[in-house]
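Student: Before I ask anything, let me first share the structure, which is written out below as C-alpha cells.
Chains as they are written, first to last, in my numbering: chain L, 1 to 231; chain W, 232 to 1057.
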C-alpha cells in the first residue's frame, strides 16, 4: 500500500537545551491501515500524533500527510488541512459542553463551510449510526464516557477525512465502553479511513492494529506487523 | 518561608500576565481618579489656598501721590488693626512697544505714523518677598535699571519669556488707557496730558511673577526706568495691609476708616479687598465644580466597575486551584489569604503606579486650572487626595476579592476541582434536558432564527454564543463600556456645547466691533461718525440705566438706540424685541419676578414707571448687572422714565467685504474713544480650561474602559483556552479565532453604547444647566444643551470601538496560542 503519512528525519524539541520529544524519526504509515504507536509516557507518542494533525510543527525534518507538506503549513492552511484531512479523537473527548451533542458533531462541517441544516442532517445520520441518536439534543455533560467518545468519533468523521488520529481513545473509559469504541474504529477502518492509534494498552494494540510501532525517548525502537514479523 | 507564602509566591510567578493586567487596570483607574479628584479639590476654594500661601493682602490701598508722601503712607503700617503691611510703592502707567516683542506675537497695527504701545500698569516694588503678598517668581527680581519683571499674565498674553528684550515707553493716550490689548490694562486718569516727547527704555525680562493681591500690576521696574516711562503721568502710592482677626467685611471697614483718618481727606483713590477678589475667583471656580464632580464620579465608577469585574473574575477563575488547596489540607481562611494576596499584591503595585502617574498628569492641569482663575503659582497637590484615593482603591480591590474568595474557599473542594480550566465545563445549561442547545427547532419563528444562524459565519455565531456565557461578567463589562461611552458622549457634548456657548455670549460673530464708554455729550458725534464710516455696517448704541422691577428689586435696563436685532443674543425662549414697548429679560429676572415670556413687566425709575411686555428670555451673562437681573429693550421704551442719558457704548458690524480688524484699524485714533475687537480673554481662558479638562478626563476614562475590557477578555480567553484549542483543532483558522473573540464582545459593546449615550447626554444637560445657574444665573438655551443631536447615537458606536480595542490583543494571543499544549494541558 502507498504511504499516506511520511516522516523524514522529523524532530521536535520544546526547550532549546532539552531532550527532543521526537528525535530524527523516519516512518511511513500506509493508507487504510490501523497503526498503533506504543511506548512509555513521555516517549513522544502524542507529539507524533500532534505533528501528523498539524497541531504542532516539527523543529526539523519533513512530514508529508496525504500529499501535504505539513511543515510548511501556516495557521490558516493548517486549519483547512485539518478540516478536510484529519479526524481527531482524544482521551478526554474534548467536547464543547455549551453545545448540544448534535451541534458538537456538526461543528467541523460548519467550519468547513457546509450550511447549518445540511451539517445537522449529516450529524444526525452519524449519531444514529453510532447508536446515540437519542442524545442529539442533550449536552455532553449528561452522557456517559462511552457515549461522549462516540460523539467525539462522530465529530471526527463528519467531514469524511481520510485519516483518523486517536490519542488514547479508551484511556478514560471502562473496559466494555473501550471495546465498543475500538470496534467503531475498526469499522471506520474497514470503510477506508487510515487510523493511527496511540495507546498504552498492548492488548488493545494487539487486538486492533495491523502494525505496531514502539516509540521510546522520541525514537522508534520497534516496528512490526501485528502477525509478529518485524518490518 | 511558610507554605502559604510559598503557594502565594508560586501563584504570583505563574500568573504574571494576570497579575500585570490587574496592576494595569488598577493603576489606570487610580490615575483617573487621582487626576479628577486633584483638580476638583484644587478648584475648591482656590483663592483661599493661594491667598494663605502668599500671605495675601486683605486691603490694597492706592492713594494720590500728589497728596500723600511715602512717609505718611508708611506710617499707617503701625495703626491699630493692621497686622502687617508692605510698601508703599509707586504705581504708574507705561506702554510696551510692539516692535521689540518676541517674534511670533501678533500685534494689531499701530496708529498711522506711530509705534503701537500696549498700556501697562507698572510698579517700582523692590522685592518679590515681604510680609504681605509674596510673589510667585520664575527667574529673578530686577536688580536695577535695564531689567524688568513682568506678570505671568502679561507674559502669556504677549508671548514673552525670560531673556526677551522689550522696549517700554510712556502710556498711550485715551480714556481707560486702552486702545487694544489685555482687558486688565490699567486706567489712565481721565484727561491726563502727555508730553510730546517720547521716552523709550530698552529692558530685558529677567523674571515673571504672579501676585495674589495686585493682579492688575503688569510689570515691575527699576527706579530710574520707572520714573522715565511714567513721567508726566498720574502717580499713585500703593500700600498692602493684612489685618488682625478674621478679616471680615466689618474688620476691613474698621481698618480702612482708621487708615483714612490718618491721611488727607480724599487721598485714597482706590481700595480693593480680598473678599471681592475671592468672590470673583470662587465664582469662576464654582463653574468648574459641576464638570469636575461629574468626571470624578465617572472615574470612580469606572474604576470600581473595572476592579470588581477583574478581581471577581480572577477569583472565580481560580476555583480549581482553590479545590486543590482545600483538598491537600489548606484551611478556608488560608485559601482566602492566598487569593487575596494574589490579587492585592499586584493591585498594590498598580495603586502606587496609578498615584504617581495621576500626580504627574495632574500637575499641568492643576497649573492651568489655577492660572485660569487668575491666581499666581501652580497650585499644590493635596496629600490627602492621594492618600484617600490610594486607600479607597485598595479597599475596593480587597472588597471585590473578599466576597467571591470567601464563597469559593468555603465551597465544596470536589465541586471546585470539577471546575476545570475551561469556562465551558463550569457552566451547565439550565432548562429541559431535551432543549437548551442550538438544535434545530421546529415552527416558523425558530425556523427563521435557524435560517439566520445558518447565514452567519461560524466565528460569528460561536462568538455571539460566548457573549452571553457568563452573565455577571457580561453585565460588569457592559457597565464598564457604558461608563466609557457616557464619558465620550459627555466629553464631546460638553465640548461642543462650550464651543457654541462661548461665541453666543461674546457675540463676536454678529457685533465684533465695540467701543469703550462714550460720555453722553459725545454720543451724538460718535454715532454720526460711525454711521458715516464706509467700513461699518449696522451700528447701535447701548446705554445701561439703573431701574427697578417689582419683586426683583434693582435691575439694569440696557437701552438700545434703534434696531438691535442683529447684535446676536441667543434666546432661551421667545424672540428679540421689535421696538418700543417690548423687552427681553434675563432668566434670573423672570424667575425672581415670577414672570414668563408674554407677561407684562413694570419698569420703574424713581416715581416713574412704564409697562412693557416681555417677548423673550435672553441668554445673557452680564457682569455689569448684579445678580444678572437685567432687561434689554429699545431706548424709547424707557423714555417716559425721564432717565438722563448716561455714557453709552457702541456695537457695530463690519461692512460687507471688510474685516472687523480692518474696520477697527480705520477707526482707531479718529474717534477719541477706544475701539476694540470683541474679546474676553478671561472667558476664553476659562472655556479653554473647561474644554481641556473635559477632553483629557474623557480620554482617560476611555482608556480605563478599554483597559477593563482588555482584562476581562484576557481572562475569558485564557479560561477558554481549551475550548479555543478544540475549535482550532477542528479547523478554526487564526483569523476566525480573532473573529470569535471580537464577536463575543460586539454585543456587549453595542449594549454598553446604547446605555452610555442617554447617560452621557443627560449628564451634559445637567452639568451645563448647573454651570448656567452658577455663571448667571441663567438658563441655557435648549440648542446649547444638546449640540450633538443625532451625532450622539453615532458616538454610541464607540462602545463597539472600546470593546474591539480592548479585545484586540487577547484575540491575537488566542489566535497564536499553541493548540497541542492547550489540548494536552488536561
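Here a beta-carbon is modelled for each residue, glycine too, at the ideal position from N, C-alpha and C. All values derive from a computational prediction rather than experimental measurement.
Hey, which unbroken runs of the alpha helix (DSSP H) at 4 residues or more fall wholly within the region 79 to 152 of chain L?
Tutor: Listed in chain order, the complete alpha helix (DSSP H) runs (minimum 4 residues) inside the region 79 to 152 of chain L are 101 to 111 and 116 to 129.
Student: Going by beta carbon distance, what residues of the same chain come within less than 7 Å of residue 156/L, once the five residues before and after it are set aside?
Tutor: 87, 88, 89 and 164.
Student: Hey, which unbroken runs of the beta strand (DSSP E) at 3 residues or more fall wholly within the region 11 to 68 of chain L?
Tutor: Listed in chain order, they are 22 to 30, 34 to 38 and 60 to 65.
Student: Compare the C-beta of residue 83/L with all C-beta atoms of chain W and state if any pair is closer than 8 Å.
Tutor: It does: the Cβ of residue 83/L has a partner Cβ on chain W nearer than 8 Å.
Student: Kindly indicate if chain L contains any beta-carbon less than 8 Å away from that of residue 598/W.
Tutor: It does not; no Cβ of chain L falls within 8 Å.
Student: What is the DSSP secondary structure of residue 337/W, reduced to helix, strand or coil?
Tutor: Low per-residue confidence applies at residue 337/W: pLDDT is 43, beneath 50, and the placement is therefore not dependable enough to give any value.
Student: Give me the subset of the region 943 to 977 of chain W whose CB atoms are less than 9 Å from a CB atom of chain L, sorted by chain position.
Tutor: Result list: 953, 954, 956, 957, 958, 959, 960, 961, 962, 963, 964, 965, 966, 967 and 968.
Student: Between which residues of its own chain and residue 916/W is the CB-CB distance below 8 Å, once the five residues before and five after are set aside?
Tutor: For residue 916/W, where only same-chain residues beyond five positions count, the Cβ hits under 8 Å are 602 and 603.
Student: Is there a Cβ of chain L sitting closer than 8 Å to that of residue 700/W, yes or no?
Tutor: So, interface residue.
Student: Are residue 998/W and residue 532/W closer than 8 Å when you measure CB to CB?
Tutor: Cβ distance not < 8 Å, so residue 998/W and residue 532/W don't count as in contact.
Student: DSSP three-state call for residue 441/W: helix, strand or coil?
Tutor: Reduced to three states, the DSSP call for residue 441/W is strand.
Student: When you compare only the Cα positions, how much space is there between residue 588/W and residue 722/W?
Tutor: When rounded, the distance between both Cα atoms is 22 Å.
Student: Would DSSP call residue 800/W helix, strand or coil?
Tutor: The answer is coil: DSSP assigns residue 800/W none of H, G, I, E or B.
Student: Measure how close the beta-carbons of residue 981/W and residue 1030/W come, nearest whole angstrom, since I'm counting them as under 8 Å.
Tutor: With 8 Å as the limit, residue 981/W and residue 1030/W qualify as a contact, their Cβ atoms being about 6 Å apart.
Student: Helix, strand or coil, according to DSSP, for residue 345/W in the structure here?
Tutor: Low confidence applies to residue 345/W: its pLDDT is 47, below 50, so where it sits in the model is not reliable enough to give any reading.
Student: With DSSP run on the structure shown, which of helix, strand or coil describes residue 509/W?
Tutor: Three-state DSSP puts residue 509/W in a helix.
Student: Can the beta-carbon of residue 593/W be found less than 8 Å from the beta-carbon of residue 266/W?
Tutor: Yes, Cβ-Cβ distance for residue 593/W and residue 266/W is below 8 Å.
Student: For residue 171/L, which residues of its own chain have a beta-carbon under 6 Å away from its beta-carbon, when the five flanking residues on both sides are left out?
Tutor: Taken in chain order, the residues that qualify are 91.
Student: At 8 Å on the CB atoms, spell out the chain W contacts of residue 260/L, in chain order.
Tutor: Given that chain L is displayed from residue 1 to residue 231, the structure contains no residue 260/L and the question cannot be resolved.
Student: Under a three-way DSSP split, which group does residue 223/L fall into?
Tutor: Note: residue 223/L maps to strand in three-state DSSP.
Student: In angstroms, rounded to a whole number, what distance separates the CA positions of residue 994/W and residue 750/W?
Tutor: C-alpha separation (whole angstroms): 46 Å.
Student: For residue 986/W, does the count of other Cβ atoms within 10 angstroms reach 16, so buried, or fall short, so exposed?
Tutor: Label assigned to residue 986/W: buried.
Student: Taking Cβ to Cβ, would you say residue 919/W is nearer than 8 Å to residue 906/W?
Tutor: No, they are not a contact pair.
Student: Please specify which runs of the alpha helix (DSSP H), each continuous and at least 4 residues long, are wholly inside the region 965 to 1029 of chain W, giving them in chain order.
Tutor: Correct list: 965 to 1006, 1013 to 1016 and 1022 to 1027.
Student: Beta carbon of residue 555/W: closer than 7 Å to some heavy atom of the ligand MG?
Tutor: With respect to small molecules bound, the structure shown includes none, and the ligand MG cannot be examined in it.
Student: Along chain A, in chain order, which residues have C-beta atoms closer than 7 Å to that of residue 1051/W?
Tutor: Absent from the structure: chain A. Protein chains present are L and W.
Student: Within the chosen definition, does the region 50 to 61 of chain L reach the region 197 to 208 of chain L through at least 3 CB pairs nearer than 8 Å?
Tutor: No: fewer than three Cβ pairs fall under 8 Å.
Student: Just grab the DSSP bridge partners of residue 317/W for me.
Tutor: 471/W, per the DSSP bridge assignment.
Student: If contact means a Cβ-Cβ distance below 7 Å, which residues of the region 1 to 18 of chain L contact chain W?
Tutor: Residues: none.
Student: When DSSP labels each residue in this structure, what does residue 638/W get in the three-state scheme?
Tutor: The answer is helix: DSSP assigns residue 638/W an H, G or I state.
Student: Which class does residue 295/W belong to by DSSP, given the choice of helix, strand or coil?
Tutor: DSSP places residue 295/W in strand when its eight states are reduced to three.
Student: Label residue 573/W either buried or exposed according to how many other C-beta atoms from any shown protein chain fall within 10 Å of its C-beta, with 16 as the threshold for buried.
Tutor: Buried is the call here.
Student: Going by other Cβ atoms of all chains shown within 10 Å of its Cβ, with 16 needed for buried, is residue 248/W buried or exposed?
Tutor: Exposed, by the Cβ-count rule.
Student: Going by C-alpha distance, which of 147/L, 192/L, 196/L and 25/L is nearest residue 178/L?
Tutor: Answer by Cα proximity: 147/L.
Student: How about residue 443/W and residue 364/W: are their beta carbons less than 8 Å apart?
Tutor: In this structure, residue 364/W lies closer than 8 Å to residue 443/W by Cβ.
Student: On the three-state DSSP scale, how would you describe residue 417/W?
Tutor: At residue 417/W the pLDDT is 34, less than 50, meaning the model places this residue with poor confidence; the figure from the coordinates comes in the next sentence. Three-state result, residue 417/W: coil.
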